[in-house]
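> Numbering (the working numbering), first residue to last: 5 to 342.
Note that beta-carbon positions come from the ideal geometry of N, C-alpha and C, so glycine has one too.
Computed from a predicted model, the values in this text were never measured in an experiment.
My questions all concern the structure below.
So this is what it looks like as structure tokens:
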């Protein structure tokens, strides 16, 4: 068994058949899992098809919007996917940022960590009712569920213990993951030092509070990769990635990781450039040292070894972003870790 499980994130196109074929391709290459993020398309739709057209690959949503959906709706969707996949589905949830909750989804933003705790507790109470036909009696500050008639109960399944992951990198969210989840999905805007010194200690605090075993918890790290067979190809890939990193670093959301490395001034500079729309200057401000902390730069055949070298003892799973342009790259990576 590999030292670290190797997963991919599928970028949805909106073409269900195309997206499902990508998931099936990832399974054929031997990847351990596939994550589907919620951006421009609903992440549950392709998984409902892939659940029946794949055999062994684990499938999960990555940061699916929790608060705009009632826990009852999410519980039903996850239950059906767990049934269809034979227990290969994991539910990955995200709180999202305040602006998205209020302005994109027209939802209230209040006590997000406390609300997410109740959201997860609600899911488990609903699933227990589905599985055992027990009376549904959940009362919290944010959610209350007290009705489950037989007509609306989908009934028991063979794998009722659906793993729940949440996405986040702040101490409060990481501690919550340790207390009540089976895993945490770390954003690609991390460094190994940030995982080790900030994120993991918060998770361990949560595990200790809940008296849970670390071996039952998975940390998944989304990873930036700049790869190519030749030095010129790797340079071009790194340059393209620098533009993406600059846009992310300019966001206050990732100030913690920048401060950890003493890059607060760079973050301020990039935030100002972003306001002035100086994209080329932003890209140029990402030095090689910054790039190499956030990303792996190597030949395709060397990527997996580099992943193990960086993340062994830190992450349980690493996740690479799959696009239409990266299929050949991932074929080489998969072949190198057989």
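So what's residue 189 in DSSP terms, helix, strand or just coil?
Reduced to three states, the DSSP call for residue 189 is strand.
> Kindly indicate the opening and closing residues of the beta strand (DSSP E) around residue 9.
9 to 14 is the span of the beta strand (DSSP E), which, as asked, contains residue 9.
> Tell whether a beta-carbon distance below 9 Å holds between residue 98 and residue 148.
Contact: no.
> Taking only beta-carbon positions, decide if residue 324 is within less than 9 Å of chain C.
As a matter of chain content, chain C is missing from the structure shown, which is built from one protein chain.
> Quick one: give me the first and last residue of the beta strand (DSSP E) that residue 321 is part of.
Here the beta strand (DSSP E) through residue 321 covers 321 to 326.
> Identify, in the order they occur along the chain, each residue of the same chain with its Cβ nearer than 6 Å to the Cβ of residue 5, setting aside the five sequence neighbours on each side.
Because residue 5 carries a pLDDT of 39, less than 50, the predicted location of this residue cannot be relied on, and no value is offered for it.
> Could you please give the first and the last residue of the uninterrupted alpha helix (DSSP H) stretch that includes residue 135?
That run of the alpha helix (DSSP H) goes 116 to 136.
> Out of 338, 204, 51 and 193, point me to the one whose CA is closest to residue 254's CA.
Closest by alpha carbon: 193.
> Report yes if the CB atom of residue 224 is closer than 9 Å to the CB atom of residue 323, and no otherwise.
In contact: residue 224 and residue 323 (Cβ atoms closer than 9 Å).
> In this structure, how does DSSP classify residue 76 when only helix, strand and coil are distinguished?
Note: residue 76 maps to helix in three-state DSSP.
> Is the beta carbon of residue 243 sitting closer than 9 Å to the one on residue 301?
For residue 243 and residue 301, no; Cβs fall outside 9 Å.
> Would you report the Cα separation of residue 71 and residue 109, rounded to the nearest angstrom?
Whole-angstrom Cα-Cα distance: 9 Å.
> Could you check whether residue 294 and residue 202 sit closer than 9 Å to each other, using their CB atoms as the reference points?
Contact: no.
> Would residue 41 be called buried (16 or more neighbouring beta carbons within 10 Å of its own) or exposed?
Answer is buried; the Cβ neighbour count reaches 16.
> Just checking, does the stretch 162 to 182 make contact with the stretch 81 to 100 on the three C-beta pairs under 8 Å criterion?
Contact holds: three or more Cβ-Cβ distances are below 8 Å.
> In chain order, which continuous runs of the alpha helix (DSSP H) of length 4 or greater are located wholly inside the stretch 230 to 310?
Within the stretch 230 to 310, the complete alpha helix (DSSP H) runs of at least 4 residues are 235 to 253, 259 to 264, 268 to 279, 283 to 289 and 292 to 298.
> Between residue 50 and residue 20, is the Cβ-Cβ spacing less than 9 Å?
Cβ distance < 9 Å, so residue 50 and residue 20 count as in contact.
> Secondary structure at residue 337, three-state DSSP: helix, strand or coil?
Note: residue 337 maps to helix in three-state DSSP.
> Would you mind stating whether residue 26 and residue 52 have Cβ atoms separated by less than 9 Å?
Cβ atoms of residue 26 and residue 52: not closer than 9 Å.
> Given this structure, state the Cα-to-Cα distance separating residue 317 from residue 46, to the nearest angstrom.
Whole-angstrom Cα-Cα distance: 34 Å.
> Are residue 286 and residue 250 closer than 9 Å when you measure CB to CB?
Yes, they are a contact pair.
> If you run the structure through DSSP and keep just helix, strand and coil, what is residue 5?
Model confidence at residue 5 stands at a pLDDT of 39, short of 50, so the residue's coordinates are unreliable; what they give is reported in the following sentence. Correct three-state label for residue 5: coil.
> Going by DSSP in three states, residue 168 sits in which element: helix, strand or coil?
DSSP places residue 168 in strand when its eight states are reduced to three.
> How is residue 41 classed by DSSP in three states: helix, strand or coil?
Three-state result, residue 41: strand.
> Along the chain, where does the alpha helix (DSSP H) containing residue 210 start, and where does it finish?
204 to 213 is the extent of the alpha helix (DSSP H) around residue 210.
> At what residues does the beta strand (DSSP E) containing residue 316 begin and finish?
Looking at the DSSP string, residue 316 is not in any beta strand (DSSP E), and its letter there is neither H nor E.
> What does a CB cutoff of less than 7 Å around residue 111 pick up in its chain, not counting 5 residues either side in sequence?
Excluding residues within five positions, the ones whose Cβ falls inside 7 Å are 71, 72 and 105.
> So which of 75, 60 and 107 has the shortest CA-CA distance to residue 91?
The candidate whose alpha carbon is nearest that of residue 91 is 60.
> I need the straight-line Cα distance from residue 62 to residue 38, nearest angstrom please.
Spanning the two alpha carbons is a distance of roughly 6 Å.
> What do you reckon, are the CB atoms on residue 122 and residue 145 nearer than 9 Å?
In this structure, residue 145 lies closer than 9 Å to residue 122 by Cβ.
> Tell me where the beta strand (DSSP E) around residue 94 begins and ends.
93 to 98 is the extent of the beta strand (DSSP E) around residue 94.
> Could you tell me which residues DSSP pairs with residue 198 in its beta bridges?
None, per the DSSP bridge assignment.
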